Ligand SMILES: Nc1ncnc2c1ncn2[C@@H]1O[C@H](COP(=O)(O)OP(=O)(O)OP(=O)(O)O)[C@@H](O)[C@H]1O
């Protein structure tokens, strides 16, 4: 098990990582997401031993690195996968994967499992980006690392390739039964392939949870906005629930006892009421997305929300509509003043 306890990292006087703790179980994939410059790569580098911590410790079964006793990278048995692949250009695929590998049957196994058998004698210059990343992963896994660290492994690939390769990488990591920390700035990647997601802002871990909970029960409005489209409605806590421009929600948030709150509204949390005989909003815009259509709606309260519906649902700009909360959803609620 990888353990990171109260980790802080400074560059000069500037604190980049602030008191972060998490553990990673035997084959768990942790996705680290956050805005640019929030410290994702610094955490990976610190776990790898490339950057020293100023406080806290990073530990695995057989080593423990502290500010006083730094364990060098080569003693940690970690594997790294980078966005630029970092392959040897003068070596073939097979030579890249077998480089300094003790047991070449493992190299063979990963070449086969990652669909590289027919590329064994090809040099990296003649491979596509996706194939290069498979080679990089095969090479990493052939060394039987205790933990794999992936730094934006898909960011140099086009959208269609990203989608399939992310699953192949996940499957390979699961098959290797190795824990992994995977840094990405792509929210959908983080939510779809991670067992848990850690959302960072300014070097502080805002939430560490399952993808479902991070998305549906975000710890604060920042996490809500970062992981998907989010608008907020004013709410007034009452004995029977929370009153809002879309009626009363029968929900009593634990963290909010009284007064004003803000209610998270994702485009899938709301729907058009078919009869529409009590309009409560007006269509601002309609965007065709293929399978779905996204509507911008100004409610009579003056607040704006977004609603995603099937592409067959058509409204014109300025149409009056009736919108309600989808009864199957239980929206997240935050204190009115919360914005972090
Ligand atoms: N060697 C360094 N010396 C000083 N500051 C650094 C150094 N490396 C990174 N930083 C700063 O530390 C902060 C975190 O950088 P880091 O690369 O970890 O962020 P990130 O979340 O991975 O960003 P991105 O998504 O853009 O890759 C940034 O403000 C960056 O400018």
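In full-length UniProt numbering, the protein residues as written are 1 to 340. The beta-carbon is built from N, C-alpha and C at its ideal position, and this holds for glycine as well. Just so it is clear, the structure is predicted and the values come from calculations on it, not from any experiment.
Problem - Anticipated Cβ contact below 8 Å, residue 172 with residue 137, distance rounded - result: Taking the chain shown and counting its residues from 1, the one referred to as residue 172 is at position 172. Taking the chain shown and counting its residues from 1, the one referred to as residue 137 is at position 137. 6 Å between Cβ atoms; contact.
- [ ] Give the single residue among 123, 41, 94 whose Cα lies nearest to the Cα of residue 83.
- [x] Translated into the one-based positions of the chain shown, residue 83 becomes position 83. Measuring from the Cα of residue 83, the nearest candidate turns out to be 41.
Practice item. Would you mind listing the alpha helix (DSSP H) stretches within the stretch 212 to 274 that are 4+ residues and don't spill past its ends, in chain order? Key: 221 to 227
*At a cut-off of 7 Å, is residue 75 close to ligand 1 when judged by its beta-carbon and the heavy atoms of the ligand?*
Against the chain shown, residue 75 aligns to sequence position 75. Answer for residue 75: no, Cβ out of range of ligand 1.
Counting along the chain, where does the beta strand (DSSP E) carrying residue 293 start and finish? Residue mapping note: residue 293 aligns to position 293 of the chain shown, counting from 1. Its beta strand (DSSP E) spans residues 292 to 299.
Among 195, 313, 154, 222, the one whose alpha carbon lies nearest that of residue 337
As a working note, residue 337 is residue 337 in the chain shown. Minimum Cα distance to residue 337 is reached at 222.
Quiz item: Counting pairs of Cβ atoms below 8 Å between the stretch 226 to 236 and the stretch 185 to 197, do you hit three or more?
Solution: yes
Would you list the one or two residues that DSSP bridges to residue 324? Taking the first residue of the chain shown as 1, we reach residue 324 at position 324. Answer is 271, bridged to residue 324.
**Distance CB(residue 16)-CB(residue 32) smaller than 8 Å** = Taking the first residue of the chain shown as position 1, residue 16 is located at position 16. Taking the first residue of the chain shown as position 1, residue 32 is located at position 32. Not in contact: residue 16 and residue 32 (Cβ atoms no closer than 8 Å).
Whose C-alpha, out of 211, 279, 312, is nearest the C-alpha of residue 298? As a working mapping, residue 298 is identified with position 298 in the chain shown. Checking every option, the nearest Cα to that of residue 298 belongs to 279.
CB of residue 201 to nearest heavy atom of ligand 1: below 7 Å? Within the chain shown, the letter at position 201 stands for residue 201. Checking every heavy atom of ligand 1 against the Cβ of residue 201, none is found closer than 7 Å.
So residue 283 packs on residue 321, CB below 8 Å; how close in whole Å?
-> Numbered from its first residue, the chain shown carries residue 283 at position 283. Numbered from its first residue, the chain shown carries residue 321 at position 321. Contact flag correct, Cβ pair sits at about 6 Å.
* For residue 75, the nearest candidate out of 101, 48, 288, 5 (CA to CA) -> For the purposes of this step, residue 75 is taken as the residue at position 75 of the chain shown. Here the closest residue by C-alpha is 48.
| request: Note the first and the last residue of the continuous alpha helix (DSSP H) segment covering residue 135. | output: By 1-based counting over the chain shown, the position of residue 135 is 135. Unbroken alpha helix (DSSP H) run through residue 135: 129 to 142.
How about residue 309 and residue 334: do their beta carbons lie closer than 8 Å? Within the chain shown, numbered from 1, the residue matching residue 309 stands at position 309. Within the chain shown, numbered from 1, the residue matching residue 334 stands at position 334. It is not a contact, given that the beta carbons lie outside the stated cut-off.
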